[in-house]
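Below: one structure, written as structure tokens.
Chains as they are written, first to last, in this note's numbering: chain C, 17 to 266; chain E, 9 to 277.
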């Protein structure tokens, strides 16, 4: 595992709904500075639950998540499209601004350097043309960029993405992967996906989660481990992820 | 003959104005959060509290409020991601509350006329005390929405994101149900339990397709609510019909017109 100092460490996390259905069992996972970690696994395998435990949105039944020199305020979060209501009456501009909601003060009724920061994100993600459209009117790829803009507006140290490629076309996927690569020069990235083709050669670590953690790191056992997780062989090379490429980065 | 010179008419119109402010704002939040069914449950369940308090000689409106808030909190605690169970719970609370209310009002001697007043309301019976209550409520609601507009929007839109950024989602949820419960109770006397839901939801349903921002929808809903309230009131007065139902029928007609306009606009744009 190459990369910087430890930022987050999940230790022996277990989680269940109503104490019955076990979703996660004894999962440990580190996130380092400038890491590019992809958490893979089948649908319903507990990826999102793991991410929510790491973010502090869910409390695990047992185990701990430790932050080393970072706080949840330094997290950027791009949730799944399905977690929020696209019909909500809000303009792209105001939507991006909500990324600074923790700086909001009811009596001052304004956020410091609001316009400057929002404008910067709008330019960065080429959202100028649709800044004053409602989010119900924009395309999946545009919404994805707006979500990224909202997550990045406070210059987070870690960016978390939950299934970012599900509802976007292949061109937007290419753009997303380029954006993430560039971001990874300065910040850590943790991305959840069930889509093996979403992984490109800049990914530094891969974790496979299906109730428990099957693999973490970058070695040749990835394919075997994915097979275990998905329950069938996964043709990684066909999807553009030869472990040979991962190896070259060593 | 000028009907405006009667005090009860003045009170009714003032009540319509003040209630439109409450209804336009709270109604917008309810429609945007897609909690219409929940609000139907709360308002009908409140009839149970009303009946019980009435039976024991207590202030029935206080009973309605107590049950409205309890029902709101109970439903709010259930996980709205498990939609099926959530809706079932709302349905049960809705029917149970109504049944309890009807039984208690029936076993109380001489309460039959009151039963109808609470179910359908009568804006002509609004007192100056009621007006003051609605006025204070409007002030508090406006102040809260203005001061906490942005966090409120994040709460409505994306709860997890709100939580991640240190917004206490639980506080917002309880405040939300508290405001809804009080709004329902304030509206019972004017439009009645059965029609509260319609007055809350019809104006935002009319205005939503025409605006992109939450506070624009709120403002437009207040105006629309005021229009249908005043229009319905005068129609009912001159045709000698009950006010509440006429208001709602007028609202429904407007909603149908607005929806047709909207689909025409989409077709030709």
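C-beta atoms are modelled at their ideal positions from N, C-alpha and C, and glycine is treated no differently.
Because the structure is a prediction, the values reported are computed rather than measured.
Cβ pair count under 8 Å reaching 3, the segment 53 to 70 of chain E against the segment 176 to 183 of chain E | no
If residue 203 of chain C and residue 64 of chain C are in contact, beta carbons under 8 Å, what's the gap, nearest whole angstrom?
-> Between residue 64 of chain C and residue 203 of chain C the Cβ distance is about 21 Å, and since that is not below 8 Å, they are no contact.
For residue 34 of chain E, go through chain C and note every residue whose CB falls closer than 8 Å to its CB, in chain order.
-> By Cβ distance, chain C contributes nothing, its closest Cβ being about 16 Å from residue 34 of chain E, past 8 Å.
Between the segment 98 to 105 of chain C and the segment 205 to 224 of chain E, are three or more C-beta pairs nearer than 8 Å?
-> yes
Do we get a CB-CB distance below 7 Å when we pair residue 156 of chain E with the residues of chain C?
-> yes
For residue 339 of chain C, which of C:42, C:178, C:132 and C:147 has the nearest alpha-carbon?
-> Residue 339 of chain C is absent from the structure shown; chain C starts at 17 and stops at 266.
Could you name the residues of the segment 203 to 223 of chain E whose beta carbon sits closer than 8 Å to any beta carbon of chain C, in the order they occur along the chain?
-> 216, 219, 220, 221 and 222
In chain order, what residues of the segment 171 to 185 of chain E put their CB closer than 7 Å to some CB of chain C?
-> 171, 172, 173, 174 and 175
By DSSP, does residue 216 of chain E sit in helix, in strand, or in coil?
-> helix
Through-space distance from residue 118 of chain C to residue 173 of chain E, alpha-carbon basis | 5 Å
Per the contact definition of three or more C-beta pairs closer than 8 Å, is the segment 45 to 56 of chain E in contact with the segment 68 to 81 of chain E?
-> yes
Does DSSP classify residue 52 of chain C as helix, strand or coil?
-> strand
Given that a residue counts as buried once 16 or more other Cβ atoms are within 10 Å of its Cβ, and exposed if not, what is residue 66 of chain E?
-> exposed
Residue 158 of chain E burial status per 10 Å Cβ neighbour count (16 or more: buried) | buried
List the DSSP bridge partners of residue 209 of chain C.
-> C:56
Select from E:137, E:165, E:234 and E:244 the residue whose C-alpha is nearest the C-alpha of residue 110 of chain C.
-> E:165
Whose CA, out of E:245, E:145, E:260 and E:211, lies closest to the CA of residue 234 of chain E?
-> E:211
Are any of the Cβ atoms in chain C nearer than 7 Å to that of residue 159 of chain E?
-> yes
Secondary structure of residue 153 of chain C, DSSP reduced to three states = helix
Inter-residue CB distance, residue 143 of chain C and residue 175 of chain C (contact presumed, cutoff 8 Å) | That belief does not hold up - the Cβ atoms of residue 143 of chain C and residue 175 of chain C are roughly 18 Å apart, past 8 Å.
Neighbourhood of residue 250 of chain E by C-beta distance below 7 Å, restricted to the same chain and skipping five residues each side | 128 and 244
In angstroms with no decimal places, state the Cα-to-Cα distance between residue 211 of chain C and residue 53 of chain C.
-> 14 Å
Give, in chain order, every residue of the segment 224 to 252 of chain E whose Cβ lies closer than 7 Å to some Cβ of chain C.
-> 225
Checking contacts by CB at 7 Å: is residue 138 of chain C closer than that to chain E?
-> no
Kindly list the residues whose CB is nearer than 8 Å to the CB of residue 203 of chain E, restricted to its own chain and excluding five residues on each side of it in sequence; keep chain order.
-> 128, 129, 252, 253, 255 and 256
Can you tell which of C:76, C:172, C:219 and C:156 has the C-alpha that lies nearest to the C-alpha of residue 85 of chain C?
-> C:172
Do you know how far the Cα of residue 270 of chain E is from the Cα of residue 8 of chain E?
-> In this structure chain E extends from 9 to 277, so residue 8 of chain E is not present and cannot be described.
Nearest to residue 39 of chain C (by Cα), restricted to the options C:47, C:94, C:69 and C:184 | C:69
Give the interface partners of residue 181 of chain C over in chain E, defined as CB-CB distance under 7 Å, in chain order.
-> Residues of chain E passing the Cβ test: none, with the nearest at roughly 20 Å.
Just the C-alpha distance for residue 118 of chain E and residue 74 of chain C, rounded to the nearest angstrom, thanks.
-> 54 Å
Residue 161 of chain C, buried or exposed, once every other Cβ within 10 Å from all chains shown has been counted against 16 = buried
Below 7 Å between beta carbons: does that hold for residue 35 of chain E and residue 102 of chain E?
-> no
Quick one: does residue 34 of chain C have its CB under 7 Å from some CB of chain E?
-> no
What are the partner residues of residue 268 of chain C, as DSSP defines its beta bridges?
-> Nothing about residue 268 of chain C can be read from this structure; chain C reaches only from 17 to 266.
Taking 7 Å as the CB-CB limit, is residue 120 of chain C close to chain E?
-> yes
Consult DSSP for residue 116 of chain E and reduce its assignment to one of helix, strand or coil.
-> coil
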